[in-house]
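Just so you know, the protein sequences line up as chains W and Z, in that order.
Using this note's numbering, you'd call the opening residue of the first sequence number 3 and step up by one each time.
Using this note's numbering, you'd call the opening residue of the second sequence number 3 and step up by one each time.
Quick reminder that beta carbons are idealized off the backbone N, C-alpha and C, glycines included.
What you are looking at is a predicted structure, and each value in this text was computed from that prediction instead of being measured.
Beneath this line is the structure, given in structure tokens, with notes to follow.
Protein chains: 2
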Amino acid sequence: MKKPLTKTSPIGIFDSGIGGLTVAKAVMDALPNEDIIYFGDSARVPYGIKSQETVRNYSNQIARFLIQKGVKMIIIACNTASAAANDSVQHAAGKVPVLNMIDAGTYGAIRSGKKAIGVIGTLATIGSGAYEKSLKQADSSLIVKSKACPLLVPLAEEGWIDNEVALKTLDIYLNTFKSNGVEALILGCTHYPLFKTVIQDYFNGKKLDIIDSAEAVAASAKSKLELKQLLNNSDQPGVLNCYVSDRPQRFYELAERFLGRKPENVFVESLKD
Amino acid sequence: MKKPLTKTSPIGIFDSGIGGLTVAKAVMDALPNEDIIYFGDSARVPYGIKSQETVRNYSNQIARFLIQKGVKMIIIACNTASAAANDSVQHAAGKVPVLNMIDAGTYGAIRSGKKAIGVIGTLATIGSGAYEKSLKQADSSLIVKSKACPLLVPLAEEGWIDNEVALKTLDIYLNTFKSNGVEALILGCTHYPLFKTVIQDYFNGKKLDIIDSAEAVAASAKSKLELKQLLNNSDQPGVLNCYVSDRPQRFYELAERFLGRKPENVFVESLKD
Numbered sequence: 003m004k005k006p007l008t009k010t011s012p013i014g015i016f017d018s019g020i021g022g023l024t025v026a027k028a029v030m031d032a033l034p035n036e037d038i039i040y041f042g043d044s045a046r047v048p049y050g051i052k053s054q055e056t057v058r059n060y061s062n063q064i065a066r067f068l069i070q071k072g073v074k075m076i077i078i079a080c081n082t083a084s085a086a087a088n089d090s091v092q093h094a095a096g097k098v099p100v101l102n103m104i105d106a107g108t109y110g111a112i113r114s115g116k117k118a119i120g121v122i123g124t125l126a127t128i129g130s131g132a133y134e135k136s137l138k139q140a141d142s143s144l145i146v147k148s149k150a151c152p153l154l155v156p157l158a159e160e161g162w163i164d165n166e167v168a169l170k171t172l173d174i175y176l177n178t179f180k181s182n183g184v185e186a187l188i189l190g191c192t193h194y195p196l197f198k199t200v201i202q203d204y205f206n207g208k209k210l211d212i213i214d215s216a217e218a219v220a221a222s223a224k225s226k227l228e229l230k231q232l233l234n235n236s237d238q239p240g241v242l243n244c245y246v247s248d249r250p251q252r253f254y255e256l257a258e259r260f261l262g263r264k265p266e267n268v269f270v271e272s273l274k275d
Numbered sequence: 003m004k005k006p007l008t009k010t011s012p013i014g015i016f017d018s019g020i021g022g023l024t025v026a027k028a029v030m031d032a033l034p035n036e037d038i039i040y041f042g043d044s045a046r047v048p049y050g051i052k053s054q055e056t057v058r059n060y061s062n063q064i065a066r067f068l069i070q071k072g073v074k075m076i077i078i079a080c081n082t083a084s085a086a087a088n089d090s091v092q093h094a095a096g097k098v099p100v101l102n103m104i105d106a107g108t109y110g111a112i113r114s115g116k117k118a119i120g121v122i123g124t125l126a127t128i129g130s131g132a133y134e135k136s137l138k139q140a141d142s143s144l145i146v147k148s149k150a151c152p153l154l155v156p157l158a159e160e161g162w163i164d165n166e167v168a169l170k171t172l173d174i175y176l177n178t179f180k181s182n183g184v185e186a187l188i189l190g191c192t193h194y195p196l197f198k199t200v201i202q203d204y205f206n207g208k209k210l211d212i213i214d215s216a217e218a219v220a221a222s223a224k225s226k227l228e229l230k231q232l233l234n235n236s237d238q239p240g241v242l243n244c245y246v247s248d249r250p251q252r253f254y255e256l257a258e259r260f261l262g263r264k265p266e267n268v269f270v271e272s273l274k275d
């Protein structure tokens, strides 16, 4: 049974694993009074190597779970699921608005006013061409240059953000953007906000806007809730409840790095295939 | 219907993905006339983050598939599945002998005659304590020192084996073994043979035996087939047939790096959950 949408309903956010917590953090920063339900599909991560049909199937299961929890909005905080499952999640969500990373990154790039846009992401995201398609659809005159950076996710999970290995890896991946005319760079993976400061430092001296999809989707969420008159007006800080499909221990260990603080409430919830 | 085991029956090898191809290569080097059926569960990789029950379930499905293909031996070329599923795979395999990476690495360490053994592997393998348990069971006087090296798998898949990033990463993970008294080091992950030469160079000047689990399991396979009088006496080179559960393209791209040559025959075979 669907619960009525109210101002005090929580916002639902999901990802294939832990990366989407950077989105949860950006939403909490932008909307500190909103309650959040986060679902990390840690038993079935990563989505990037799975077929579109499987990703849609998993995403729909999670959407139904979040709807049952009474969320007033769903944020697909996973680039692979954003590309594969936005329409089917919107169908599952009914009248509950659905936001996704690729639209948010695209809006952020358009708002920057730049004409040459770089995109970095996982092999799956870059290989899918989803950002390029979305950017060109928004403005066919844009020049888009993409680069897969597969080592950044494991580096972030190892906590190697600014050591010698991380800096050299970033140099190998990013040096092309120092000379290829790109004026704005989309961080097209939910793990990448951890490297935001390091990437800004790397491009120091060059005019390059960094577009953080997590911040962009948080801004979209705020606008959308305002428009629908569903912003929580409470003066109490919001509560974050996390659900994972397997192994909460690893989630606890990593969550602080992505969230900026320890998650208080972590529950295990197995979804049926 | 089970096929009778004959000398010309193939050897079955499986892994959660691509890493087990280093084992296939070692088996082909040791037994060049044997036919091999390789199964890489690319749709469900990685196993390390999944529950033991799930890993057993997946491994049993693959074992039944290999038995239907008429294999005369199954090699579990995946450390996680070796730790979680050896007994259940042996049960599914009936009279067909089953070898696994952890037993093979343990035998290799015992044969080295060294008393202080280092083990490197993924977070899941090292966290499980499977090598330590197996080594202590074989010889309780052994001293075992383990170190998880989570970045080596993504480095191997990126093809960064001996660049600056790889060398610095290996130094961070391995420098402890330069001074902690370890005399032999088990490469406890099927991806790690790609780094064997670089690791040998790193320890140049220090007496440290490198125990390559892939070579160790190939040696065990040869002994076992000799014992059972099932060695293929043909003078024809063996044929390798590969089955993957998803996305053969990525398998093609990576396989050469692990196998030393392109795989000729790659088929998609979906197994039911």
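- Between residue 44 (chain W) and residue 272 (chain W), the CB-CB gap reaches or exceeds 8 Å.
- Sorting W:159, W:89, W:98, W:249 by C-alpha distance to the C-alpha of residue 105 (chain W) places W:89 at the top.
- Contact between the stretch 157 to 171 of chain Z and the stretch 126 to 143 of chain Z is absent: fewer than 3 CB-CB pairs across the two stretches fall below 8 Å.
- Here residue 140 (chain Z) is exposed: its Cβ has fewer than 16 other Cβ atoms, across all protein chains shown, within 10 Å.
- With contacts defined as CB atoms closer than 8 Å, residue 24 (chain Z) and residue 192 (chain Z) qualify as a contacting pair.
- In terms of beta-carbon proximity, residue 171 (chain W) lines the interface with chain Z, with at least one pair separated by less than 8 Å.
- Within the DSSP secondary-structure output, residue 14 (chain Z) pairs in a beta bridge with Z:39, Z:76.
- Boundaries of the beta strand (DSSP E) harbouring residue 269 (chain Z): 267 to 270, taken from the DSSP string.
- In this structure, residue 190 (chain Z) keeps its C-beta atom at 8 Å or more from the C-beta atom of residue 241 (chain Z).
- Per DSSP, the continuous beta strand (DSSP E) segment holding residue 243 (chain W) begins and ends at 242 to 246.
- Against chain Z, the CB of residue 166 (chain W) has a partner CB under 8 Å away; the residue lies at that interface.
- For the pair of segments examined, the stretch 222 to 237 of chain W was found not to touch the stretch 202 to 212 of chain W: the number of CB pairs separated by less than 8 Å stays below three.
- Ranked by how close their Cα comes to the Cα of residue 102 (chain W), the residues W:239, W:226, W:258 have W:226 in first place.
- Distance from the Cα of residue 184 (chain W) is smallest, within the candidate group W:114, W:68, W:174, for W:114.
- With contacts defined by Cβ atoms closer than 8 Å, residue 61 (chain W) and residue 91 (chain W) form a contacting pair.
- From the listed residues W:147, W:29, W:66, W:75, the smallest Cα separation to residue 214 (chain W) is found for W:29.
- W:154 is the residue among W:154, W:72, W:224 whose C-alpha sits nearest the C-alpha of residue 124 (chain W).
- Look at residue 148 (chain W) here: in three-state DSSP terms it is strand.
- Beta-bridge analysis with DSSP links residue 123 (chain W) to W:150.
- Where residue 102 (chain W) is concerned, the enclosing beta strand (DSSP E) starts and stops at 100 to 102.
- The three-state reading of DSSP puts residue 188 (chain Z) in strand, counting E and B together.
- The straight-line gap separating the alpha-carbon atoms of residue 269 (chain Z) and residue 40 (chain Z) is approximately 10 Å.
- Counting along the chain, residue 164 (chain W) sits inside no beta strand (DSSP E), nor does DSSP assign it H or E at all.
- Excluding residues up to 5 positions away in sequence, 24, 25, 28, 195 lie with their Cβ nearer than 6 Å to the Cβ of residue 216 (chain Z) in the same chain.
- Using a Cβ-Cβ cut-off of 9 Å, residue 248 (chain Z) is close to 51, 52, 53, 56 of chain W, given in chain order.
- About 6 Å separates the Cβ atoms of residue 149 (chain W) and residue 178 (chain W), confirming a contact at the 8 Å cut-off.
- At least one CB of chain W lies nearer than 8 Å to the CB of residue 44 (chain Z).
- By the Cβ rule, the stretch 7 to 19 of chain Z does not count as touching the stretch 257 to 269 of chain W, because fewer than three pairs are nearer than 8 Å.
- Bridge partners of residue 213 (chain W) according to DSSP: W:188.
- As a beta-bridge residue in DSSP terms, residue 118 (chain W) pairs with W:145.
- Residues are counted here when their Cβ sits less than 9 Å from a Cβ of chain W; for the stretch 132 to 154 of chain Z these are 152, 153, given in chain order.
- In this model, residue 87 (chain Z) and residue 58 (chain Z) are separated by some 5 Å (Cα to Cα).
- Cβ contact annotation for residue 8 (chain Z) (same chain, cutoff 8 Å, sequence separation greater than five): 74, 232, in chain order.
- Cα atoms of residue 109 (chain Z) and residue 99 (chain Z): separation of roughly 17 Å, rounded to the nearest angstrom.
- By the neighbour-count definition (other C-beta atoms within 10 Å, threshold 16), residue 63 (chain Z) is a buried residue.
- In summary, residue 81 (chain Z) is buried, with 16 or more beta-carbon neighbours lying within 10 Å of its beta-carbon over all protein chains present.
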